[in-house]
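Written out below as structure tokens is the structure these notes cover.
See the structure below:
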């Protein structure tokens, strides 16, 4: 079913790391090694499936996720891991075949969202590509930039706010290579605008939105901790690129693809063959760039610092298909969106390795306030660890709830101690009001035989509610405690 959510946390097999034939054009010792990546790729959770080419992904300050579907023009709001709300639809040209790149593309949330409430979107029309902004509770898209060249291919489309508060916009050459070197054209560029679409006074070309040029089709924009900017770019037949972006620089297209040795053009930091990359969205975390690969069907990791890059490494190789968009949520989890087409696309996320609990686990007893139990606190079966356990009502929706304190935000592994007689029972795991996983408590053979179940969950810094909610008429198993 379209947009059907997987309530279960889908464990994805960890991929073999490999460098392939990517070429780094800087001393790999300077920015460090990409082998120590910051996410647990063995603990992926599929959040949504059956999507139609999700392209843009952006988070509101409260952690809710906005997703754009390229072909439908719909903008989806995920308040939890439930069915999303369609907050609006932008009219886009119908795709002219499976490889038409036009449609509803990038999204960005205003850095001043709590004051202005704006979300930005990049989309195609029959005449051009353009940038609009809107409020999610009063959907009336307002164009702030029009006239970006559009074609069936090479439409750019990524939006990102930089650390300077300016809106950066990636555009493609729109199948006209001359656009990339033409400073009067908005095609084949990275543009820099004020939030209202006007030209910043300190742009490199007076009165122009052009920030850098000589681009074929920039797909990803991100900044390191030192404020240096990086962009991923599709090549044609020979080389894809990761570039360090500087104001006013010329990146050479169509005169050169990859490295060319001409001092008039800025050389790429990394090149890949299109078969191993076709790099799309970029996110930088702890000075490691995470770059989604479409044709390469993997996630590239590249350490970056000071405008230089270290040796690239690949993870998730051929695990989830064509990776379009890469973003990190406010809770520190890495989200990926795929572009596999034919209604087969997913959103999947991976927890950070540093976790959110911090220190040694703390045991929370089911019978101790502020824990709550939809049922009774009993002590008629041996083996519990304190003064009793939660014996839930035999009903769908019966719950046991714990309040857990985390030292910092991030992913944490919690351990639930339970006894389950001779029948398995299922439960949703709801954290701070959002369903984050489903699990099955296997039978333990007797109500006095206790076992444990571990689940990885996102926690905020401070107090969090973790609620186990029965999905079957038999209710929950007996719940003794939760360690977090």
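Numbering (mature numbering (1 follows the signal peptide of the UniProt record, and there is no 0)), first residue to last: -26 to -1, 1 to 458. Yeah, the Cβ is synthetic: ideal placement off N, Cα and C, and Gly gets one too.
Rounded Cβ spacing between residue i and residue j (contact assumed at less than 8 Å)
i: residue 154; j: residue 228; result: 6 Å
i: residue 451; j: residue 393; result: 6 Å
i: residue 122; j: residue 161; result: 7 Å
i: residue 76; j: residue 98; result: 4 Å
i: residue 209; j: residue 179; result: With a Cβ gap of about 25 Å, residue 209 and residue 179 do not count as contacting.
i: residue 305; j: residue 383; result: 6 Å
i: residue 338; j: residue 458; result: 7 Å
i: residue 143; j: residue 157; result: With a Cβ gap of about 16 Å, residue 143 and residue 157 do not count as contacting.
For residue i, three-class secondary structure by DSSP
i: residue 319; result: strand
i: residue 238; result: coil
i: residue 101; result: coil
i: residue 57; result: coil
i: residue 250; result: helix
i: residue 132; result: coil
i: residue 225; result: coil
i: residue 292; result: coil
i: residue 110; result: coil
i: residue 452; result: strand
i: residue 440; result: strand
i: residue 27; result: coil
i: residue 330; result: Note that residue 330 scores a pLDDT of 47, beneath 50, so its modelled location is shaky; the value from the coordinates is reported in the next line. Correct three-state label for residue 330: coil.
i: residue 123; result: coil
i: residue 230; result: coil
i: residue 286; result: coil
i: residue 15; result: coil
i: residue 396; result: coil
i: residue 255; result: strand
i: residue 380; result: strand
i: residue 116; result: strand
i: residue 243; result: coil
i: residue -6; result: Summary for residue -6: the model assigns pLDDT 45, below 50, so the residue's position carries little reliability; its value from the coordinates is reported in the next sentence. Correct three-state label for residue -6: coil.
i: residue 458; result: coil
i: residue 21; result: strand
i: residue 420; result: coil
i: residue 446; result: coil
Nearest residue (CA-CA) to residue i, options the options
i: residue 313; options: 32, 15, 72; result: 72
i: residue 268; options: 15, 185, 255; result: 255
i: residue 43; options: 35, 62, 390; result: 62
i: residue 428; options: 421, 435, 414; result: 414
i: residue 354; options: 136, 251, 363; result: 363
i: residue 395; options: 423, 384, 318; result: 423
i: residue 401; options: 435, 378, 453; result: 453
i: residue 16; options: 137, 455, 308, 126; result: 308
i: residue 366; options: 293, 416, 347, 93; result: 347
i: residue 106; options: 39, 79, 128; result: 79
i: residue 202; options: 193, 211, 432, 218; result: 218
i: residue 170; options: 94, 127, 23; result: 94
i: residue 405; options: 431, 421, 381, 425; result: 431
i: residue 252; options: 388, 91, 236, 232; result: 232
i: residue 113; options: 60, 69, 138; result: 60
i: residue 129; options: 194, 236, 289; result: 194
i: residue 321; options: 12, 27, 399; result: 27
i: residue 417; options: 434, 408, 397, 426; result: 397
i: residue 381; options: 436, 142, 101; result: 436
i: residue 21; options: 302, 409, 266; result: 409
i: residue 264; options: 249, 241, 242, 290; result: 290
i: residue 296; options: 273, 283, 284; result: 273
Continuous alpha helix (DSSP H) stretch holding residue i: start and end
i: residue 88; result: 87 to 90
Boundaries (first-last residue) of the beta strand (DSSP E) holding residue i
i: residue 220; result: Looking at the DSSP string, residue 220 is not in any beta strand (DSSP E), and its letter there is neither H nor E.
i: residue 425; result: 424 to 433
i: residue 52; result: 48 to 52
i: residue 391; result: 384 to 393
i: residue 66; result: Residue 66 -> no beta strand (DSSP E), and no H or E assigned at all.
i: residue 43; result: 39 to 43
i: residue 279; result: 272 to 279
i: residue 267; result: 262 to 267
i: residue 299; result: 297 to 302
i: residue 402; result: 399 to 405
i: residue 308; result: 308 to 312
i: residue 411; result: 408 to 415
i: residue 80; result: 78 to 83
7 Å Cβ cutoff, residue i in contact with chain D
i: residue 151; result: Chain labels in this structure do not include chain D; a single protein chain is all it has.
Sequence ranges, beta strand (DSSP E) only - wholly within the segment 336 to 376, length at least 3: Segments of the beta strand (DSSP E) lying fully in the segment 336 to 376: 337 to 339, 349 to 352, 363 to 366.
Beta strand (DSSP E) runs contained entirely in the segment 138 to 212, provided each spans 3 or more residues: Qualifying beta strand (DSSP E) stretches, in chain order: 141 to 144, 163 to 167, 184 to 187, 192 to 197, 203 to 207.
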